[in-house]
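Trainee:
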Amino acid sequence: MGPMARTVADLARLMDVMAGYDSEDPETALGVGHKAESYLAALKKDALRGSRIGVLRTDLGTNSDPGSQDYKNVMDVFSRAVGGTAGCRSDHSRSRRYPRFDRTATDWHGSSRG
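Each residue of the sequence shown is one higher than the one before, starting from 1 at the first, in the working numbering.
1. Along the chain, where does the alpha helix (DSSP H) that runs through residue 40 open and close?
2. Within 10 Å of its beta-carbon, does residue 39 have 16 or more other beta-carbons around it, so buried, or fewer, so exposed?
3. Taking only three categories from DSSP, how would you classify residue 80?
4. Residue 12 and residue 48 - do their beta-carbons sit closer together than 8 Å?
5. Could you please give me the residues that DSSP links to residue 25 through a beta bridge?
Pasting the structure below:
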């Protein structure tokens, strides 16, 4: 959920309020007529049962220092959050690295992490 919400239900409540057309943002016009009536009402307890969830473990920033305490703290919270999804009965047990994606992430930032 991140810094905006502590639960999926809280995030759905935020989406109910925030989603929709904004006259100051022309891109939102593409969504007119496609907004869910209520994200909160659409939540189902076992909606993720049997699904496979990909967890991206490649950080995209070029200023990250894996040896720093801040980095370790963030990764600890991240790992606990991913571990907490086990109760939704989804499969996120496999972890893979994607070297090609690492290269692409470096290209986005225009510099190497090495």
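Glycine included, each C-beta is placed from N, C-alpha and C at the ideal position.
Mentor: Walking through what the data contain:
1. Per DSSP, residue 40 belongs to the alpha helix (DSSP H) from 39-42.
2. So residue 39 counts as buried.
3. Here DSSP, grouped into helix, strand and coil, assigns residue 80 to helix.
4. Result no, Cβ atoms of residue 48 and residue 12 do not sit closer than 8 Å.
5. For residue 25, the pairing in a beta bridge is given by DSSP as 22.
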